[in-house]
Amino acid sequence: MSIYLDKSTRVLVQGITGRAGSFHAAQMREYGSQVVGGVTPGRGGTACEGIPIFDTVAEAVEKTQANATGIFVPAPFGADAVLEAVDAGLSLIVVITEGIPALDMLRVKSYLRGLSPKGTVPSIIGPNGPGVITPGQAKIGIMPGYIHRPGSIGLVSRSGTLTYEAVWQLTQLGLGQSTCVGIGGDSLPGTSFVEVLKAFEADPETKAIVMIGEIGGSAEEEAAAFIRAHVRKPVVAFVAGATAPAEKRMGHAGAVIAQGQGTHASKIQALQAAGVKIARNPAVIGRTMADAIL
Amino acid sequence: MRLLEHQAKKLLSSWGVPIPRGTVLTRLSQLSSAARKTGRYPLIVKAQVYAGGRGKAGGVVKARNASEAKAAAARLLGKKLVTAQTGPAGTVVKALLLEEGLTLQQEFYLSVLLDRSRQVPVVIASREGGVAIEELAKERPEAISTTPFDPFLGLLPHQARRIAGWLEIPVPHREAAAQQLIRVARGFFSTDASLVEINPWALTREKGMLALDAKVTLDDNALFRHPEFDKLKTADADSPSEARSRLIGINYVGLDGTIGCMVNGAGLAMATMDSIKLNGGDPANFLDVGGGADVNQVREAFKLIVADRKVKAILVNIFGGIMKCDVIAQGIIQATQSVKLKIPLVVRLEGTNVERGRKMLADSGLGFITATDMDEAAKKVVAAARGLSPKGTVPKGV
């Protein structure tokens, strides 16, 4: 068991003919993911890395029975690529693309809310994140596979390389991972901490959870409220940006303390009050987890 | 991207929201012609800076005559203004906005922004204009009204009328106010703003409802579809280094400390700064070279860091995933040679091909101080910045 994906997931790559798309399509397949097709408008009927290419997501789904996608298209076309995947009925949509305008994502979210009464709403992971990996089975994303090892720690993060750092610490301590989810660094992520925490809490293979947050917004505070009410598994958290100045965007579009909101102190306070073990030092995220589950 | 008050007001005016008559000046010699253009005294002299807290810091002055205007302009223009938000270093006032003085009857607060947690656009309004909204939200949330609206339909007329009514804007001005609300919400979308704040949104005796002060922040991710803002692209950078970093595609934020940082990934870059602080040092910058940085960007990043004279030591923290450590090591070696680095450099590499990368650094003869984990790296760079570890010392066991 795992959340979001496993080795039976049938994966498309949107933007497969781009530099990142083609490279990572091959990497994902090498890791064990079933990459069944790629989509690039105007390139249908050709192939990339031996993977058949289609003009539209709908056609790719019809021909390959894909149920998930990884999106690598340039930012101006990102929201449209997401909505194309939604309309084609994919249940897992992983958006790697960085730089999608916030108002484009706002419209995507609004469109999804309109769909929800009819039933299945897809999981959109990202944008601007490393993707999702179930170690030893499959990945949709750009994370290096070898730093992971199968196990029972669930990890959810707003960051990319900081996630690798935490995963590597866990792996070196012999703590494998059930699934690692990068929800991305934008201000309107497709999937929130709360949704991933809910999935980990329900997943029998996940015994404990690492959560990596950062300054900006209130996603960590909302996660803390959810943990307090619903999560019984041990949770360890690190929140980046204790030293970040206010009103400056720290690389990620969502990492900004705006109008006094989204400070490091407020997040740590909320998580602590919810019983979450805090790793103050990013170098001891793995160690803190090891201590928490002993 | 942040806009200055006069830039924000020009936008508002183009959306059909009234603003006071005003003129921008960047040199003292422009004052008298600017004053003539603006109108009769009293005039308001307003420092154009990005930081808030300007009024309390003396950055807004009412001038009753030409000599008062001249004194105020001379005191502000080209000088440092220290506000609650700038920190002790302050910010240099590069332009002034000279505005007509109006008689205020009532002040309101108005903003349109993205509610990140509800994932909808909202209009925030209050009868108590001119105050810090963050404080008000904490102390008396009932004094603030929040109206979510549909991103496809925009703010609807009945929503705008309801807000204007809730604010108890006098009836003769209410319809105009509602119109302004709709225009601000529409402008928010048409420019891909992340914040439009009008504080105060004022009722004046002479001109009815207008935007007396304005703050606009635009979404950097959407600038590609707004060529009209191209000229402002680096205007809001707090330093030449920040402006330069944007042109070369690196995320850089200057800070007050002595330890320069170069990291791949924004989260890891923040965590590295935190780690330095925990070990008793102070970061000189946030710098994210990005996931796919090449030798060129690494070299440019080094140039930015060493251009900061406060920097006493540098920490490079790279988690090579897709970027291989041997390639990164090559980039670091070339970059340090090309910038003729004279201060201690601590390198922590982890990830793909790490052994090869570490060996290349050790064999380079350039005296890099190496570390295997983040904590060790932070400790070593803090010591190096204090001059405790002479350059060229490669610790045993590396």
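Residue numbers (my numbering), protein chains in the order written: chain A, 1 to 294; chain B, 1001 to 1398. Glycine residues also receive a C-beta, built at the ideal position from the N, C-alpha and C atoms.
Residue i: first and last residue of the uninterrupted beta strand (DSSP E) it sits in
i       : result
B:S1126 : V1120 to S1126
B:A1193 : A1193 to T1204
B:D1288 : N1285 to D1288
A:E214  : A208 to E214
A:R10   : R10 to Q14
A:S123  : S123 to I125
B:L1025 : G1022 to L1025
A:F54   : I51 to F54
Boundaries (first-last residue) of the alpha helix (DSSP H) holding residue i
i       : result
B:S1032 : L1031 to T1038
A:L268  : Correcting the residue identity first, residue 268 of chain A is Ile in this sequence and not Leu. Residues H264 to A273.
B:M1209 : It is not in any alpha helix (DSSP H) - B:M1209 instead sits in the beta strand (DSSP E) that spans G1208 to A1211.
B:A1320 : Before going on, a small fix: residue 1320 of chain B reads as Gly here, not Ala. Counting along the chain, B:G1320 falls outside any alpha helix (DSSP H), though it belongs to the beta strand (DSSP E) covering A1313 to G1320.
A:F200  : F193 to A202
A:Q27   : R19 to Y31
A:Y111  : A102 to L115
B:V1327 : C1325 to S1338
Cβ of residue i within 7 Å of any chain D Cβ
i     : result
A:S33 : Absence of chain D from the displayed structure is noted, the protein chains being A and B.
Nearest residue (CA-CA) to residue i, options the options
i       : options                               : result
B:Q1048 : B:F1152, B:S1029 and B:A1008          : B:A1008
A:G275  : A:A75, A:H148, A:H24 and A:V235       : A:V235
B:N1401 : A:S159, A:R43, A:A242 and A:R249      : Only positions 1001 to 1398 of chain B appear in the structure, and residue 1401 of chain B is not among them; the question remains open.
A:G38   : A:G32, A:P52 and A:G45                : A:P52
B:N1199 : B:D1256, B:V1131, B:E1139 and B:F1149 : B:V1131
A:K109  : A:V132, A:L162 and A:S123             : A:S123
B:L1028 : B:I1314, B:K1037, B:A1069 and B:F1152 : B:A1069
B:D1238 : B:W1015, B:Q1085 and B:T1091          : B:T1091
B:T1026 : B:V1295, B:R1002 and B:A1095          : B:A1095
B:G1154 : B:F1189, B:P1018, B:E1134 and B:P1170 : B:F1189
A:K139  : A:T46, A:P150, A:F226 and A:Y31       : A:Y31
B:V1045 : B:A1035, B:G1052 and B:A1051          : B:A1035
B:L1004 : B:S1014, B:P1042 and B:G1052          : B:G1052
B:E1355 : B:T1336, B:Q1334 and B:C1325          : B:C1325
B:G1187 : B:H1173, B:M1209, B:L1218 and B:N1065 : B:L1218
A:H148  : B:D1373, B:T1352 and B:T1103          : B:T1352
B:G1097 : B:G1022, B:S1117, B:Y1050 and B:L1104 : Correcting the residue type first, residue 1097 of chain B is Leu in the shown sequence and not Gly. Minimum Cα distance to B:L1097 is reached at B:G1022.
Reduced DSSP secondary structure (H/G/I, E/B, other) of residue i
i       : result
A:P74   : coil
B:E1149 : It is worth fixing the name first, because residue 1149 of chain B is Phe in this sequence and not Glu. Residue state, collapsed to three classes: coil.
B:Q1297 : helix
A:V256  : coil
A:Y146  : helix
B:Y1050 : coil
B:F1368 : coil
A:S157  : strand
A:G151  : strand
A:Q177  : strand
B:T1393 : In this prediction, B:T1393 has a pLDDT of 47, which is less than 50 and means its spatial position is unreliable; what the coordinates show is noted afterwards. Looking at B:T1393 - three-state DSSP - the assignment turns out to be coil, as it is neither helix nor strand.
A:P282  : helix
B:E1350 : strand
B:N1221 : helix
B:K1079 : coil
A:S91   : coil
A:V276  : coil
B:V1398 : Any reading at B:V1398 needs caution, since the residue's pLDDT is 34, under 50, leaving its predicted position unreliable; the model's value is listed next. It is coil, neither helix nor strand.
B:K1056 : coil
B:I1019 : coil
A:Y164  : helix
A:A229  : helix
Bridge partners - residue i, DSSP secondary structure assignment
i       : result
B:L1104 : B:T1204
B:L1114 : B:P1121
B:M1374 : Partner(s): none; B:M1374 has no beta bridge.
A:V239  : A:G213
B:F1188 : According to DSSP, B:F1188 bridges with nothing at all.
B:L1098 : B:T1023 and B:V1045
Mind the definition here: the region 204 to 220 of chain A touches the region 242 to 260 of chain A only if three or more C-beta pairs lie below 8 Å; say whether that holds.
yes
- prompt: Is the region 1076 to 1083 of chain B touching the region 1156 to 1167 of chain B, taking contact as three or more C-beta pairs under 8 Å?
  reply: no
TODO: Evaluate the contact criterion for the region 1287 to 1301 of chain B versus the region 1242 to 1259 of chain B: three or more CB pairs, one atom per stretch, below 8 Å.
DONE: yes
| task | Decide yes or no for the touch test of the region 134 to 142 of chain A against the region 174 to 185 of chain A: beta carbon pairs closer than 8 Å, at least 3 of them. | result | yes
Assess, as a yes-or-no matter, whether the region 1304 to 1324 of chain B is touched by the region 1344 to 1363 of chain B under the definition of 3 or more beta carbon pairs within less than 8 Å. yes
Report yes or no: do three or more beta-carbon pairs, one from the region 1165 to 1172 of chain B and one from the region 260 to 280 of chain A, lie closer than 8 Å?
no
query = So, do the region 1172 to 1183 of chain B and the region 240 to 251 of chain A have three or more beta carbon pairs nearer to each other than 8 Å?
reply = no
_Under 8 Å, with one C-beta from each stretch per pair, do the region 58 to 68 of chain A and the region 9 to 18 of chain A reach the 3-pair mark?_
yes
Segment contact flag, the region 44 to 51 of chain A with the region 99 to 113 of chain A, C-beta cutoff 8 Å, min 3 pairs
no
Open item on the list: Does the region 163 to 178 of chain A come into contact with the region 1277 to 1286 of chain B, if we say contact requires no fewer than three beta-carbon pairs (one atom in each stretch) closer than 8 Å?
Closed with: no
Would you check if the region 1137 to 1152 of chain B and the region 1109 to 1122 of chain B touch, i.e. whether three or more CB-CB distances between them fall below 8 Å? yes
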